[in-house]
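Everything below concerns the one structure shown next.
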Amino acid sequence: MTSSKQILIAEDDSFLLSLLELQCSSMNMQTCCVENGEQLIAEALSYQYDIILTDIQMPLCDGIQAMQILRRLGYDRPIFAMSADSLDCAGFDCILQKPVDIDQLAGLCDQTPQQHKVQLQINSELTDLFYQNLAQLSQDFTTALQQQDVTTMRQICHKIKGGAASFGHMNLSQLADRMQHRLANDSPDNTLFQESRQFLLILQQSGADNEAT
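Note that the UniProt record's numbering numbers the sequence shown so that position 3 is 3, with each residue one more than the last.
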């Protein structure tokens with residue numbers, strides 16, 4: 001359907017966020033999900049995304065405020081809004097009525113050209129923060145696996161997928177991507193949890209390799 005593009009989704013309702021993520025993935029789009037306007041601004045300014053899809057009502061900073069801040073900072077890439085209410089606000093490229101018509105969204109994504117990706121400049125401080133975060137995610141995944149909390153495990157895999165790719169761990173990123181889709185679509189049985197334990201070992205080894213260097 002849709003050519004592979006990067007889409008940043010901002011939605012504070014975890015159920016709707018998961019639904020939108022799955023729908024966009026089904027359209028062959030690479031997704032990154034955030035839960036509030038502050039996270040949206042920070043992610044958008046990495047200039048890694050072709051499209052932003054944001055809810056209007058969110059904590060910390062709502063969708064309109066986030067869009068206006070981005071536009072003032074010179075952000076000129078497509079920003080689509082989602083709203084359950086009638087809305088007329090300059091700055092958005094399109095305003096979609098909730099619940100979002102996935103066919104309408106697919107058509108808009110098809111019409112949106114891919115954007116130039118900006119090479120991220122990563123210093124040693126950011127690298128250290130990445131590995132600290134990776135260690136915490138590893139602990140969180142261990143706890144979720146012990147509790148067989150599939151939803152949390154999937155959310156952690158999604159976080160690892162984006163971060164690992166940015167810091168050169170493409171294999172870990174690809175494994176996390178596959179694991180999150182398994183956790184989203186497969187029954188929580190012994191096979192799934194065994195594969196999750198294998199993924200955890202790889203995750204822990206990735207952190208250990210950094211400590212050894």
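Beta carbons are placed, not taken as given, at the ideal position from N, Cα and C, and that holds for glycine.
Next on the checklist: Applying the 10 Å Cβ sphere with the 16-neighbour rule, what's the burial state of HIS116?
Outcome noted: Residue 116 sits at position 116 when you count from the first residue of the sequence shown. Result: exposed.
Checklist entry - Rounded to the nearest angstrom, how far is the Cβ of LEU200 from that of THR142, given a contact under 8 Å? => result In the sequence shown, residue 200 corresponds to position 200, counting from 1. In the sequence shown, residue 142 corresponds to position 142, counting from 1. Between THR142 and LEU200 the Cβ distance is about 6 Å, and since that is below 8 Å, they are a contact.
Checklist entry - Using the rule of at least 16 other Cβ atoms within 10 Å of the residue's Cβ for burial, across every protein chain shown, is PRO78 buried or exposed? => result As a working mapping, residue 78 is identified with position 78 in the sequence shown. That one is buried.
Item to check | Uninterrupted beta strand (DSSP E) stretches inside the stretch 33 to 113 (no shorter than 3 residues) | outcome: As far as the stretch 33 to 113 is concerned, its whole beta strand (DSSP E) runs of at least 3 residues are 51 to 55, 79 to 83 and 94 to 97.
Next on the checklist: Is the separation between the beta-carbon of ASP76 and that of ALA10 shorter than 9 Å?
Outcome noted: If you number the sequence shown from 1, residue 76 lands on position 76. If you number the sequence shown from 1, residue 10 lands on position 10. It is not a contact, given that the beta carbons lie outside the stated cut-off.
Next on the checklist: Alpha carbons only, please: which of GLN198, GLU125 and SER124 is nearest the one belonging to LEU138?
Outcome noted: The sequence position of residue 138 within the sequence shown is 138, counting from 1. In the sequence under discussion, the amino acid at residue 138 is Ser, which differs from the Leu named in the question. The candidate whose alpha carbon is nearest that of SER138 is GLN198.
Next on the checklist: Between GLN39, ILE7, ILE95 and GLY163, which has its C-alpha nearest ASP128's C-alpha?
Outcome noted: The count along the sequence shown starts at 1 and reaches residue 128 at position 128. The candidate whose alpha carbon is nearest that of ASP128 is GLY163.
Checklist entry - Under the three-state reduction of DSSP, which class applies to GLN115: helix, strand or coil? => result The sequence position of residue 115 within the sequence shown is 115, counting from 1. Of the three classes helix, strand and coil, the one that applies to GLN115 here is coil, per DSSP.
Checklist entry - Cα separation between THR151 and LEU105? => result Residue mapping note: residue 151 aligns to position 151 of the sequence shown, counting from 1. Residue mapping note: residue 105 aligns to position 105 of the sequence shown, counting from 1. Near 26 Å, if we compare the C-alpha coordinates of LEU105 and THR151.
Checklist entry - What separation, rounded to the nearest whole angstrom, lies between the Cα atoms of GLY74 and ASP186? => result Position 74 of the sequence shown, counting from 1, holds the residue named residue 74. Position 186 of the sequence shown, counting from 1, holds the residue named residue 186. Cα-Cα distance, rounded: 42 Å.
Item to check | Coarse secondary structure for GLN30, derived from DSSP in three states | outcome: Translated into positions along the sequence shown, residue 30 becomes position 30. DSSP places GLN30 in strand when its eight states are reduced to three.
Item to check | Three-state secondary structure (DSSP) of GLN148 | outcome: As a first step, residue 148 must be located in the sequence shown, where it is residue number 148. GLN148 falls in the coil class under three-state DSSP.
Checklist entry - Which one of LEU70, GLN68 and SER14 has the shortest CA to CA distance from ARG154? => result Your numbering for residue 154 matches position 154 in the sequence shown. Ranking the options by Cα distance to ARG154, first place goes to SER14.
Checklist entry - Are LEU60 and GLY91 close, meaning C-beta to C-beta below 9 Å? => result For the purposes of this step, residue 60 is taken as the residue at position 60 of the sequence shown. For the purposes of this step, residue 91 is taken as the residue at position 91 of the sequence shown. In this structure, LEU60 sits away from GLY91, with a CB-CB distance that is not shorter than 9 Å.
Item to check | As assigned by DSSP and simplified to three states, the class of MET1 | outcome: On the sequence shown, residue 1 is found 1 positions in, with the first residue counted as 1. Annotation note: pLDDT 45 at MET1 (below 50); position unreliable, no value reported.
Checklist entry - Based on the DSSP secondary-structure assignment, which residues constitute the bridge partners of GLN6? => result Start at 1 with the first residue of the sequence shown, and residue 6 comes out as number 6. Assignment of beta-bridge partners to GLN6 by DSSP yields GLN30.
Item to check | CB contact flag (GLU43, MET58, <9 Å) | outcome: Translated into positions along the sequence shown, residue 43 becomes position 43. Translated into positions along the sequence shown, residue 58 becomes position 58. Their beta carbons are not under 9 Å apart, which means GLU43 does not touch MET58 by this criterion.
Checklist entry - In terms of residues, what are the limits of the alpha helix (DSSP H) holding residue 219? => result Lying outside 1 to 213, the shown extent of the chain, residue 219 is not represented and no answer is given.
Item to check | ALA81 and LEU96 closer than 9 Å at C-beta | outcome: Taking the first residue of the sequence shown as position 1, residue 81 is located at position 81. Taking the first residue of the sequence shown as position 1, residue 96 is located at position 96. In this structure, LEU96 lies closer than 9 Å to ALA81 by Cβ.
Item to check | Contact set for SER25: own chain, Cβ-Cβ below 8 Å, skip 5 residues either direction | outcome: By one-based count along the sequence shown, residue 25 stands at place 25. Contacts found: THR31 and HIS181.
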